[in-house]
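Numbering (my numbering), first residue to last: 1 to 66.
Right under this line is the structure:
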């Protein structure tokens, strides 16, 4: 009887771990999607900054500042 009770407790623990694992996998998937969006935004921000610098340098060159 004690063995069966212990077995039931172990099975309950296994189910809890499976649920936690499923939740963690979903959370990791969500975090990965957010990181991908951040990476894309960072790429565009870098492109905009570089373009602004290039335009400023070209503006100086065309005005005869350099």
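For every residue, glycine included, the Cβ atom is placed at its ideal position computed from N, Cα and C.
Checklist entry - In whole angstroms, what is the alpha-carbon distance linking residue 11 and residue 4? => result In a straight line, the C-alpha of residue 11 is about 10 Å away from that of residue 4.
Checklist entry - From what residue to what residue does the alpha helix (DSSP H) around residue 59 run? => result Residue 59 -> alpha helix (DSSP H) spans 2-63.
Item to check | Straight-line gap, residue 14 to residue 24 (C-alpha atoms, nearest Å) | outcome: So the two alpha carbons sit approximately 15 Å from each other.
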